[in-house]
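Please read the structure below before turning to the comments.
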């Protein structure tokens, strides 16, 4: 089984999309904090790369529209639709990630990796909710 997992991981290196640096940091943080097994890490990594390809395709579509469109109103509408599709991809990635985690790992994920947003943004600015004493 370990050989098979390693072989799949090796083969997946050729099909990887380029993750954004913040996604790669999040992926590494999930691996450490949630103590993912090798198989779980492979699945989460594959999930992130699969969704990144979709996000990159949507971004390329936005860039193409911005280059070639002359009608500002139509452009704004089309970009808004594509941005919603990108948001849907992020939401689906989050849902699928949670399905790959055990119950204990989900608790750690919710507490350390992706804490809930506070009802009121204290301090008036966005900040690191994971290390904020008020948000905990």
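Numbering (the working numbering), first residue to last: -5 to 130.
Ideal Cβ positions, reconstructed from N, Cα and C, are used throughout, including at glycine.
| query | Excluding sequence positions up to five away, which residues of its chain have a Cβ less than 7 Å from the Cβ of residue 35? | reply | Your numbering for residue 35 matches position 41 in the chain shown. So the list reads 25, once near-sequence residues are dropped.
| request: Would you mind reading off the limits of the alpha helix (DSSP H) that contains residue 48? | output: Residue mapping note: residue 48 aligns to position 54 of the chain shown, counting from 1. Unbroken alpha helix (DSSP H) run through residue 48: 32 to 62.
| request: Return helix, strand or coil for residue 69, following the three-state DSSP convention. | output: In the chain shown, counting from the first residue as 1, residue 69 sits at position 75. Of the three classes helix, strand and coil, the one that applies to residue 69 here is helix, per DSSP.
| Straight-line Cα distance separating residue 75 from residue 48 | Residue numbering aside, residue 48 sits at position 54 when the chain shown is read from its first letter. Residue numbering aside, residue 75 sits at position 81 when the chain shown is read from its first letter. Taking the straight line from one Cα to the other gives about 14 Å.
| task | Give the straight-line distance between the Cα atoms of residue 33 and residue 95, rounded to the nearest whole angstrom. | result | Counting from 1 along the chain shown, the entry for residue 33 is found at position 39. Counting from 1 along the chain shown, the entry for residue 95 is found at position 101. Approximately 11 Å between the Cα atoms of the pair.
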